[in-house]
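In the working numbering, the protein residues as written are 1 to 129.
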């Protein structure tokens, strides 16, 4: 098709003096424009293996990160379970101590008895991280 366009333009340029001078420039522009798509296709075909390798490597890294994330969530769940197991026998005593804290503060204002919610707040946010 490019050949037909150039041939037609060449024939017209021969019969017109103004077009005769611009024919080489116009021919170059038409040839460059016509070569963009094949050049792009050739480039994409050449770099396609590299993109496939990058995609494969990205998939492997994503799998490893997902495995690490699952393992970390397991550790957090185990730690929360161990915490709950350790705290459950003391929970009733800590609740009583928290209720008595106001009375004990009258005796010694520096007394600070940890509330269960204070301790549990330490585990908040681990799941999201």
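For glycine and all other residues, C-beta sits at the position ideal for the given N, C-alpha and C.
- For residue 53, the three-state secondary structure derived from DSSP is helix.
- Judged by their CB atoms, residue 113 and residue 97 are nearer to each other than the 8 Å cut-off.
- Straight-line measurement puts the Cα of residue 78 at about 37 Å from the Cα of residue 109.
- Here the alpha carbon of residue 105 sits roughly 19 Å from the alpha carbon of residue 117.
- In the three-state DSSP reduction, residue 113 falls in the coil class, being neither helix nor strand.
- In this structure, the straight-line span from the alpha carbon of residue 92 to that of residue 75 is close to 27 Å.
- A direct Cα-to-Cα measurement between residue 89 and residue 68 gives close to 33 Å.
- In this structure, the CA atom of residue 48 is about 10 Å from the CA atom of residue 41.
- Per DSSP, reduced to three states, the secondary structure at residue 88 is coil, with no helix or strand assignment.
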